[in-house]
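For the sequence shown, the numbering used here begins at 1 and goes up steadily by one. Where a beta carbon is used, it is the ideal one built from N, C-alpha and C, also for glycine. Working notes for the structure below.
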Amino acid sequence: MGLLDNVKAKLGPAKDKVSDLAQRHEGTIHHGLDKAAQAVDKRTKGKYSDRIQSGTGRAKGAVNRLAHKDDGAPNTGGTTAPSGANGTTPPPTAGGPPPPEAPPPTS
């Protein structure tokens with residue numbers, strides 16, 4: 001076995017435990033992230049609000065992925081890529097306007 005195989009074997013139980021803890025305490029973790037974001041936003045006087053909110057959303061998404069890794073369903077906890085980020089357009093959401101059509105490719 002190589003070094004990476006050994007590391008993966010040793011970290012497997014730890015990952016399962018972290019996932020279990022994230023699932024049991026998901027609400028508390030989200031609340032703590034919100035409180036921390038508010039404190040940082042207050043200390044920076046709103047100068048970095050957009051970055052703080054973005055980071056908080058990403059952290060919550062990571063917690064959701066950890067907590068719901070066994071569900072088998074894709075996570076839609078606010079961590080989806082924006083339209084066109086990976087070359088695809090997401091399906092229209094219920095009640096919203098359809099996404100704009102992309103211009104035809106030029107030859």
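Suppose the cutoff is 6 Å on Cβ atoms and the five residues either side in sequence are ignored; what does the same chain contact list for residue i look like?
i: Gly46; result: none
i: Gln23; result: Ala67
Take residue i as the anchor and find which of the options has the nearest alpha-carbon.
i: Leu33; options: Thr106, Val63, Asn6, Ser19; result: Val63
i: Arg65; options: Leu21, Thr106, Asp50, Thr44; result: Leu21
i: Lys69; options: Leu3, Val18, Leu11, Asn6; result: Val18
Within this structure, are the beta carbons of residue i and residue j separated by less than 7 Å?
i: Ala39; j: Thr56; result: no
Return the chain-ordered list of same chain residues with a C-beta closer than 7 Å to the C-beta of residue i, the five sequence neighbours on each side being excluded.
i: Gly78; result: Because Gly78 carries a pLDDT of 48, less than 50, the predicted location of this residue cannot be relied on, and the following value inherits that uncertainty. Excluding sequence neighbours, Gly78 sits near Gly57, Lys60, Gly61.
Quick test of your reading: residue i and residue j, contact by CB under 8 Å. State the CB separation rounded to the nearest angstrom.
i: Asp41; j: Ser49; result: 6 Å
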